[in-house]
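Worksheet: one structure, shown below.
Numbering (full-length UniProt numbering), first residue to last: 1 to 656.
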C-alpha cells in the first residue's frame with residue numbers, strides 16, 4: 001500500500017546547472033560544493049508525490065550523510081595532510097601494563113596516572129577546528145585582491161643586501177631557496193602585472209615572505225633611527241599578504257619549481273605563526289612536488305655554484321629538514337622523502353656553500369631518519385626480540401650525536417657570521433634540538449622493554465637538559481627588542497619538537513615527587529603564560545602543561561608535608577628520650593641520615609628546598625627507585641598537532 005509522502009523539490013542550484021538532484025535538504029551536490037542549498041517557493045509547490053521507494057532511498061542517504069558528518073566532527077579523517085596521533089587504545093593498554101608492573105606503587109600515585117590518562121582520552125577524542133588561516137579556496141574576483149607586495153625601492157634594497165656582505169651567512173641560508181635572480185624576476189612581474197593570476201599569486205607568496213624576513217633581519221641587526229615601528233608595520237602588511245596568498249593557493253597545482261618555492265615559503269610562515277596543521281599540509285605538498293619534478297636527480301647533476309643550482313640545492317635540503325623534523329614530531333612511522341636521498345646532499349659540491357649553522361641542523365636529519373625507520377615505538381614496543389638491534393642502533397645514533405655536539409660547540413666561537421640573527425637565542429635553540437632528539441633516542445630502550453627493572457637515568461638527565469635549555473631560551477629571549485621574535489623562537493622549539501622531555505619529567509615527578517623537576521616544569525610553563533596573549537597555540541600549550549602540573553603538584557606537596565611531620569615527630573621522640581636518659585649519656589640532638597630513607601615510601605624521594613633550574617644542572621637521585629618504572633611510557637602518544645588543534649574548551653578557557 002502506497003502512501004502520500006512529502007518529497008523535496010529539485011534545488012535551485014541543481015536546476016540551474018541541469019544536473020540530477022537527490023532532493024535531500026541540503027542536497028549532496030550542494031554539500032560537496034560547500035554552497036548554500038536553496039529552493040524557491042515556486043519549486044517547492046510540488047511537495048506531495050507518491051514515491052515510497054524513492055523516499056526511502058532518500059531517507060537512507062540522508063541518514064548515511066548525517067552519520068558521515070557526525071563521524072567527521074568527532075574524529076577527522078586520516079589523511080596525509082592532517083595525520084592522527086597514535087591510537088589511544090595503545091596508550092590505555094600501556095598504562096594498564098605499567099600499573100600491573102608497578103604493583104608496589106602507592107594508591108595516590110596510581111590515581112594521578114589514571115587521571116592523566118583520562119585527560120589524554122579527553123584531548124584525543126575532542127573534535128578539531130582550523131581557524132588560523134582564512135578559509136581555503138575562498139573565491140575572489142581578483143586572486144591578488146588585498147595582497148600587497150614590495151615596491152621597486154624595497155625590492156632593490158633587498159637584492160643589494162642579499163648579494164652583499166653585510167648580512168651574515170647564517171641568516172642568508174634562510175633566503176637561498178629563492179635566489180636573488182628569481183626574487184628579482186618575481187618582484188618585477190608583480191609590479192608590472194606580467195603573468196597569469198595563478199603564477200602571480202605564487203610570486204606574491206615568495207616575494208612577500210622574503211620581504212617579511214628581510215625587514216625583521218635588518219631590524220634585529222641595527223638601529224633604524226626611530227623608524228622601527230613603521231618598518232614593523234610594513235613587515236606585518238607583507239605577512240598578512242603572504243597568509244592571504246597561502247589561503248588562496250591550490251595545493252594540487254601543477255608541480256613546478258615555483259610551486260615548490262611557494263610551498264616552502266608558506267611552511268616557514270606557518271611554523272613561525274605556530275600553525276602546525278597548515279605547516280604540515282605545506283610540507284607534505286612540498287615533498288610530493290619534490291618527487292614530481294625529480295629534484296633529487298637535478299641536485300645530483302649540480303656541479304657549479306650558480307644561483308640556479310644553489311636554488312635547487314637549498315629547496316631540496318629544506319624539504320628534508322622539514323620532513324624529518326615534522327615526521328618525528330608527529331610520531332609518524334615513515335618519512336615523506338627517503339633518507340637515502342641525503343647521500344646526494346652531502347656528496348654535492350654545493351654543500352660548501354652551506355653555513356656552519358644550517359650544516360649542523362642538516363646533520364640532525366639522517367639521525368632523525370634512522371630513528372623513525374628503526375626506533376619508532378610502533379615497531380619496537382614490547383618487542384624484547386628487537387632489544388639487541390635497538391641497543392645497536394641507539395649506540396650508533398649516540399655516536400653520531402656526539403659529532404653533532406662537537407659542531408654545536410664550534411658554533412660558540414667568535415664569528416662575524418651571526419649578523420642578522422640573535423646569536424644567544426640561536427645557539428640555545430639548536431642545543432634544545434640536540435637534547436630533545438637525544439631524549440627520544442635514549443627513550444627507545446625503555447619502549448622496547450618497558451618492564452625492565454630500572455629507570456633510565458641517562459634519558460632522565462637528557463630530558464632535564466632539554467627543559468633547562470628551554471628555560472634558558474625563555475630567559476635570553478626576554479632581552480629581544482621585538483617580543484614577536486621571542487614568540488617565533490617558541491614556535492620553532494616547543495611546537496616543532498616532540499614533547500617527550502616534558503612528559504619524561506612529569507612521569508618522574510609522579511614516581512619520585514622530585515621537587516626540582518617540578519620546579520623546572522613550572523618555570524617553563526609560567527614563562528609560556530607571558531606569551532599566551534600573543535599566540536593561541538602557545539596559550540593552549542601552556543594550559544596543557546599547567547593541567548599536568550596541577551595533577552602532580554598536590555602529590556609533591558603532600559609528600560613534602562609528610563616528610564616534615566615525620567622529622568618533627570622524630571625530633572620530639574629524641575627530646576623525650578634525652579630527658580629520660582642519664583645526663584652522662586646524653587647525645588647531641590641530630591636527625592640520623594638513615595631515618596629519611598627508612599621512613600620513606602619506596603617511590604618517594606626527599607630533595608632539598610626547590611632550586612632554580614637555571615642555577616644548577618645537578619639533580620639529586622634516589623637509587624630506591626631503581627626496581628620499578630612506573631608510568632614511564634604513559635605518553636608515547638604524540639600530542640603536539642592533534643591535541644593543540646582540538647576544540648577542547650578546557651584549554652581555551654581554563655578554570656582559574
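All C-beta atoms in this analysis are idealised placements derived from N, C-alpha and C, irrespective of residue type, glycine included.
Quick check on the DSSP output: the alpha helix (DSSP H) that includes residue 240 runs from which residue to which?
Membership of residue 240 in the alpha helix (DSSP H) is indicated by the continuous run 228-248.
Beta-carbon contacts of residue 207 that lie in its chain and below 7 Å, excluding the five residues immediately before and after:
149, 150, 183, 186, 187 and 190.
Taking only the alpha-carbon atoms, compute the straight-line gap between residue 539 and residue 273 and give it to the nearest angstrom.
One Cα belongs to residue 539, the other to residue 273, and the distance between them is close to 13 Å.
Under a Cβ-count criterion, where at least 16 other Cβ atoms within 10 Å of its own Cβ denotes burial, should residue 543 be classed as buried or exposed?
By the 10 Å Cβ count, residue 543 comes out buried.
CA-to-CA distance, residue 563 to residue 597, given in whole angstroms:
Caution applies to residue 597, whose pLDDT of 36 falls short of 50 and renders its modelled position unreliable; the value that the coordinates give is listed next. Distance between the alpha carbons of residue 597 and residue 563: 11 Å.
With respect to the alpha helix (DSSP H) encompassing residue 405, which residues constitute its N-terminal and C-terminal limits?
Residues 387-411.
First and last residue of the uninterrupted alpha helix (DSSP H) at residue 294
No alpha helix (DSSP H) contains residue 294, which DSSP labels as neither H nor E.
Inter-residue Cα distance where the pair is residue 290 and residue 317
Distance between residue 290 and residue 317, taken at the CA atoms: about 11 Å.
Between residue 312 and residue 295, how many whole angstroms is the CB-CB distance? I'm expecting something under 8 Å.
Correct: roughly 7 Å between the Cβ atoms.
Simplified DSSP state of residue 269, which is helix, strand or coil
Shown here, residue 269 sits in a helix according to DSSP, grouped into three states.
Hey, how far is the Cα of residue 397 from the Cα of residue 391?
Answer to the nearest angstrom: the Cα atoms are 10 Å apart.
Output needed for residue 448: all residues of its chain with C-beta closer than 8 Å, excluding positions within five of it in sequence on either side, in chain order.
For residue 448, where only same-chain residues beyond five positions count, the Cβ hits under 8 Å are 380, 381, 382, 383, 384, 386, 387 and 390.
Going by beta-carbon coordinates alone, are residue 524 and residue 517 separated by less than 8 Å?
Going by C-beta atoms, residue 524 is not nearer than 8 Å to residue 517.
In whole angstroms, what separates the C-alpha of residue 287 from that of residue 110?
Approximately 44 Å between the Cα atoms of the pair.
Name the two residues that bound the continuous alpha helix (DSSP H) containing residue 149.
No alpha helix (DSSP H) holds residue 149; DSSP gives it neither H nor E.
According to the neighbour-count rule (16 or more other Cβ atoms, all chains shown, within 10 Å of its Cβ), is residue 395 buried or exposed?
By the neighbour-count rule (16 or more Cβ atoms within 10 Å), residue 395 is not buried but exposed.
For the candidate residues 38, 363, 307 and 465, whose alpha-carbon lies nearest to that of residue 505?
Selected option, being the one with the closest Cα: 465.
Which residues in the same chain have their Cβ closer than 6 Å to the Cβ of residue 10, if we skip the five residues on either side of it in sequence?
Apart from the 5 residues on each side of it in sequence, residue 10 sits with its Cβ closer than 6 Å to the Cβ of 21 in its chain, given in chain order.
Is it buried or exposed, residue 194, if we count other Cβ atoms within 10 angstroms and call 16 or more buried?
Exposed, because fewer than 16 other Cβ atoms sit within 10 Å of the Cβ of residue 194.
In chain order, what are the residue ranges of uninterrupted alpha helix (DSSP H) at least 4 long that sit wholly in the stretch 152-219?
The alpha helix (DSSP H) runs lying completely inside the stretch 152-219 and spanning 4 residues or more are 152-163, 169-172 and 180-192, given in chain order.
Report all residues from its chain with a CB closer than 6 Å to the CB of residue 75; omit the five preceding and five following residues, and keep chain order.
Any reading at residue 75 must be qualified, since the residue scores a pLDDT of 37, below 50, and its modelled position is unreliable; no value is offered.
Rounded to whole angstroms, what's the CA-CA distance from residue 534 to residue 483? Just pull it up for me.
Roughly 9 Å between the two C-alpha positions.
Over what stretch of residues does the alpha helix (DSSP H) that includes residue 511 continue unbroken?
Annotation for residue 511: the continuous alpha helix (DSSP H) segment containing it runs 500-512.
Enumerate in chain order the residues of its own chain whose CB-to-CB distance from residue 204 is below 7 Å, with the five nearest sequence positions on each side excluded.
For residue 204, where only same-chain residues beyond five positions count, the Cβ hits under 7 Å are 144, 147, 149, 190, 241 and 245.
So is the beta-carbon of residue 512 under 7 Å away from any non-hydrogen atom of the ligand GDP?
The ligand GDP is not among the ligands present in this structure, which contains no ligands whatsoever.
Using the C-alpha atoms, what's the distance from residue 456 back to residue 595?
Its pLDDT being 31, under 50, residue 595 is placed unreliably by the model, and the measurement read from it follows with that caveat. One alpha carbon belongs to residue 595, the other to residue 456, and they sit about 27 Å apart.
Measure the beta-carbon distance from residue 167 to residue 217 and round it to whole angstroms, keeping in mind my assumption that it falls under 8 Å.
Yes, they are in contact, since the Cβ atoms of residue 167 and residue 217 sit about 6 Å apart, within 8 Å.
Own chain, CB closer than 7 Å to residue 267, minus 5 neighbours either side, in chain order:
Annotation for residue 267: 279, 282, 283, 286 and 322 place their beta carbon closer than 7 Å to its own, counting only its chain and skipping 5 residues before and after.
Buried or exposed for residue 486, please, with buried defined as at least 16 other CB atoms from any protein chain shown within 10 angstroms of its CB.
Taking all protein chains in view, the Cβ of residue 486 is crowded by 16 or more other Cβ atoms within 10 Å, so the residue is classified as buried.
CB-CB under 6 Å to residue 368, same chain, minus the five flanking residues each way: which ones, in chain order?
The answer, listed in chain order, is 324 and 328.
Just the C-alpha distance for residue 181 and residue 299, rounded to the nearest angstrom, thanks.
Distance between the alpha carbons of residue 181 and residue 299: 18 Å.
Proximity to residue 373 [Cα-Cα], best of 346, 363, 339 and 345:
When only C-alpha atoms are compared, the closest one is 339.
Measure the Cβ-Cβ separation of residue 417 and residue 355 and say whether it is below 8 Å.
Their beta carbons are under 8 Å apart, which means residue 417 touches residue 355 by this criterion.
Using only CA atoms, which one of 548, 305 and 255 lies nearest to residue 118?
If we check each option's Cα against that of residue 118, 548 comes out closest.
Helix, strand or coil: how does DSSP classify residue 282 here?
Residue 282 falls in the helix class under three-state DSSP.
Neighbourhood of residue 226 by C-beta, 6 Å cutoff - its chain only, sequence neighbours within 5 removed:
Once the five neighbours on either side are set aside, residue 226 has no close Cβ partner at all.
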